[in-house]
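To start, the structure under review is shown below, and the notes come after it.
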Amino acid sequence: MTNSTFQSRRDFIAKSGSLLAGSFFIHPIAQALDLHDKPAKMRIALVGTGVRGCSMFGKSVLETYGDLVEFVGLSDKNPGRLAYGKKYIGADCPTYVDFDQMLAETQPDALIVTTMDSTHHEFIIKGLQAGINVISEKPMTTDEFKCQAILDAERESSKKLIVTFNYRYSPHRQRLYELLRAGEIGDLTSVDFHWYLDIHHGADYFRRWHRRKEFGGSLLVHKSTHHFDLLNWWIDSDPEEVYAFGELEFYGKKGPYRHTTCRGCPHAGECDFFWDITKSQHLVNLYTENEEYDGYHRDGCVFRDDVDIYDKMAVQIKYKNKVQVSYSLTTYSPYEGYRIAFNGTKGRLEAWIKERQPWEEASADEIHLTKNFGEREIITIPHGGGGHGGGDTRLKDKVFKDPSMADPWRQSAGSRDGAMSILIGVAARNSIEQSKPIKIQDLTDIELKETGRGA
Ligand SMILES: NC(=O)c1ccc[n+]([C@@H]2O[C@H](COP(=O)([O-])OP(=O)(O)OC[C@H]3O[C@@H](n4cnc5c(N)ncnc54)[C@H](O)[C@@H]3O)[C@@H](O)[C@H]2O)c1
1 MTNSTFQSRR DFIAKSGSLL AGSFFIHPIA QALDLHDKPA KMRIALVGTG
51 VRGCSMFGKS VLETYGDLVE FVGLSDKNPG RLAYGKKYIG ADCPTYVDFD
101 QMLAETQPDA LIVTTMDSTH HEFIIKGLQA GINVISEKPM TTDEFKCQAI
151 LDAERESSKK LIVTFNYRYS PHRQRLYELL RAGEIGDLTS VDFHWYLDIH
201 HGADYFRRWH RRKEFGGSLL VHKSTHHFDL LNWWIDSDPE EVYAFGELEF
251 YGKKGPYRHT TCRGCPHAGE CDFFWDITKS QHLVNLYTEN EEYDGYHRDG
301 CVFRDDVDIY DKMAVQIKYK NKVQVSYSLT TYSPYEGYRI AFNGTKGRLE
351 AWIKERQPWE EASADEIHLT KNFGEREIIT IPHGGGGHGG GDTRLKDKVF
401 KDPSMADPWR QSAGSRDGAM SILIGVAARN SIEQSKPIKI QDLTDIELKE
451 TGRGA
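First residue of the sequence shown: 1, per the working numbering; consecutive thereafter.
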């Protein structure tokens with residue numbers, strides 16, 4: 001970044017300070033960039049050099065925003081993955097197996113957390129306690145107790161937490177948000193939302209650490225946090241009560257046979273889910289070559305006995321503003337995507353989004369807007385380039401390129417949004433385990449709002 005670019009961004013932040021004190025949201029990274037006596041680049045440390053940390057928040061950040069940010073430290077508990085991660089990212093910085101040592105020695109402006117879900121809270125809390133802004137991958141955390149600890153740490157810190165909800169940034173979801181806010185279907189009353197993971201991507205969750213509740217909180221937290229965040233954002237109210245069902249009846253011990261990993265499996269020839277990790281040199285370098293350090297198998301058998309998450313889930317959610325949601329998640333569909341319908345007092349807004357399918361890919365998404373006693377309008381939204389329909393790029397532009405960028409669609413998410421989305425998943429998990437409805441208010445001390453969550 002040139003000095004003049006940096007100066008203008010700092011000037012903007014300084015000049016807009018009085019404005020920001022009002023209704024405007026002060027972006028946490030904008031605070032991090034207000035570095036009067038520090039070098040121009042944002043100094044970033046990252047913990048968790050797995051596939052996400054290396055790519056989305058590592059190599060790609062350095063390649064795209066290298067003039068604005070620099071890595072000052074990388075950390076991971078697996079020293080082999082850490083060494084490969086540094087090479088892959090192309091960062092010229094020290095590496096640390098000891099996270100505390102990294103924080104103390106590098107004193108970064110921002111910390112990126114891309115570790116396994118159940119460990120996010122440890123690093124988020126330590127970062128906030130050390131007076132550092134934190135950018136965490138979703139899900140913010142995996143249970144209500146860790147969630148409360150994060151909220152407490154942020155309240156006691158002068159710094160902020162951003163949760164990277166990339167799904168909000170995809171163009172068709174933003175259009176749905178605009179149409180809802182514009183009142184095109186009158187008052188929103190209920191939502192039908194059904195998400196289908198296919199036999200490739202869906203199955204992959206059952207190969208990895210995600211297959212255990214203790215690591216990912218179940219797919220109701222690990223995966224559905226995206227979907228519940230979208231619902232909270234679209235509906236613009238807080239969830240109040242949740243009732244859910246879930247079963248494991250396709251993967252895990254329900255499978256016809258099993259082995260530890262696909263490598264060396266005696267059933268490789270007959271198993272539809274056989275997956276050869278050695279076909280990807282990147283994955284071999286990341287995982288199989290570093291099994292000696294932590295015993296982690298990236299190509300675990302989807303039928304292992306230790307799978308304890310659900311593979312089909314149905315959730316009913318009642319919101320503070322009385323909107324009712326019927327949500328489901330299926331993990332072994334022939335194609336991947338989702339159906340959504342918003343029912344309102346004046347009409348219905350629908351989409352059938354195909355994220356991956358065995359036949360020709362669509363080049364655009366369609367939204368159907370049908371007015372009661374009126375016409376149907378078909379709104380076509382071309383796909384954005386890049387991961388998650390262009391969402392990944394747009395999110396990173398906001399975080400790393402222009403943190404002061406206006407946020408008219410409220411796509412930037414903080415700890416409250418991170419909490420509210422995981423709490424629906426936690427409530428659903430608790431509901432399945434306890435066979436009773438769960439009230440969100442009983443999980444943390446967040447005061448629920450009927451509307452205007454973003455205000
Ligand atoms: N937003 C999205 O679309 C998206 C997509 C993929 C992953 N993610 C999130 O990114 C995160 C990382 O996922 P991934 O696919 O890269 O997983 P991964 O298993 O490839 O990487 C996780 C890394 O964390 C390290 N780790 C685990 N516990 C640790 C600890 N206590 N201390 C230090 N390091 C530790 C592991 O060694 C590993 O290198 C997860 O939270 C996941 O939910 C988000």
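Idealized CB from N, CA, C, for every residue including glycine.
Leaving out the 5 sequence neighbours to the left and right, which residues in its chain are closer than 6 angstroms to residue i when beta-carbon positions are compared?
i	result
H210	G216 and H222
P239	I317, Y319, I424 and I440
G80	N290 and Y293
E447	none
At a cut-off of 7 angstroms, would you count residue i as near ligand 1, judging by its Cβ distance to the nearest heavy atom?
i	result
H227	no
H267	no
M140	no
E461	Because the chain spans 1 through 455 in this model, residue 461 falls outside it and cannot be assessed.
V325	no
E137	yes
G53	yes
V47	yes
G50	yes
D117	yes
K371	no
F71	no
W275	no
H222	yes
R81	yes
S237	no
Identify, in the order they occur along the chain, each residue of the same chain with its Cβ nearer than 8 angstroms to the Cβ of residue i, setting aside the five sequence neighbours on each side.
i	result
H172	A351, I353, D365, I367, I381 and G389
Q7	In this prediction, Q7 has a pLDDT of 34, which is less than 50 and means its spatial position is unreliable; what the coordinates show is noted afterwards. Cβ neighbours of Q7 beyond the five flanking positions: none.
G414	P28, K160, L161, I162 and V163
A419	M140, C147, I150, L151, T444 and I446
List the endpoints of the continuous alpha helix (DSSP H) containing residue i.
i	result
S415	S415 to Q434
E178	P171 to R181
L349	Note, L349: premise wrong, no alpha helix (DSSP H); beta strand (DSSP E) at G347 to R356.
A149	E144 to E156
T330	That residue, T330, is in no alpha helix (DSSP H); its beta strand (DSSP E) goes Q324 to S333.
R81	P79 to I89
T106	F99 to T106
Rounding to the nearest angstrom, what Cα-Cα distance links residue i and residue j in this structure?
i	j	result
R394	F145	32 angstroms
E184	G347	8 angstroms
D143	I424	10 angstroms
D117	W359	33 angstroms
A460	I125	This structure leaves residue 460 out entirely; the chain is present only between 1 and 455.
Y65	F400	7 angstroms
Y205	V307	10 angstroms
G300	S60	28 angstroms
C93	S224	35 angstroms
S218	I422	11 angstroms
N133	R410	19 angstroms
H36	R43	With a pLDDT of 43 at H36, under the threshold of 50, the modelled position of that residue is not reliable, and the figure given next carries that caveat. Using only the alpha carbons, I get a separation of about 14 angstroms.
Y177	S412	14 angstroms
F71	L161	19 angstroms
D472	K41	With the chain running from 1 to 455 in the structure shown, residue 472 is simply not present.
E534	Q129	One cannot answer for residue 534 here, as it falls past the ends of the chain, which runs 1 to 455.
F303	A203	10 angstroms
D11	A406	The predicted position of D11 is uncertain, since its pLDDT is 36 and thus under 50; no value can be drawn from it.
F274	E336	19 angstroms
L349	P408	21 angstroms
S328	K312	8 angstroms
Give me the residue from the options with the minimum Cα distance to residue i.
i	options	result
H194	I124, S158, V315 and T278	V315
V426	D100, V191, Y196 and K213	K213
Q434	V61, N290 and G246	G246
Y88	V284, E137, P266 and R339	V284
P403	R52, V69, K59 and G58	V69
G344	R416, L329, Q324 and P334	Q324
A153	R416, E270 and N430	R416
M56	G374, E291, Y287 and N166	N166
G387	P266, G255, W234 and E355	E355
T370	Y251, A428, P266 and A341	A341
Hey, could you find the ends of the beta strand (DSSP E) residue i is sitting in?
i	result
Q316	K312 to Y319
I235	Counting along the chain, I235 falls outside any beta strand (DSSP E), though it belongs to the alpha helix (DSSP H) covering S224 to I235.
K371	A364 to K371
A341	E336 to G344
M56	M56 -> no beta strand (DSSP E), and no H or E assigned at all.
M42	M42 to V47
G73	V69 to S75
With a threshold of 7 angstroms on Cβ separation, who are the neighbours of residue i within its own chain once the five nearest residues in sequence on each side are excluded?
i	result
Y96	G73, S75 and M102
T451	D236, S237 and N321
T189	V323, N343, G344 and T345
A32	Only weak support exists for where A32 lies, its pLDDT of 48 falling under 50; the value from the coordinates is given anyway. Excluding positions up to five away in sequence, the list reads M42, D109, A110 and N133.
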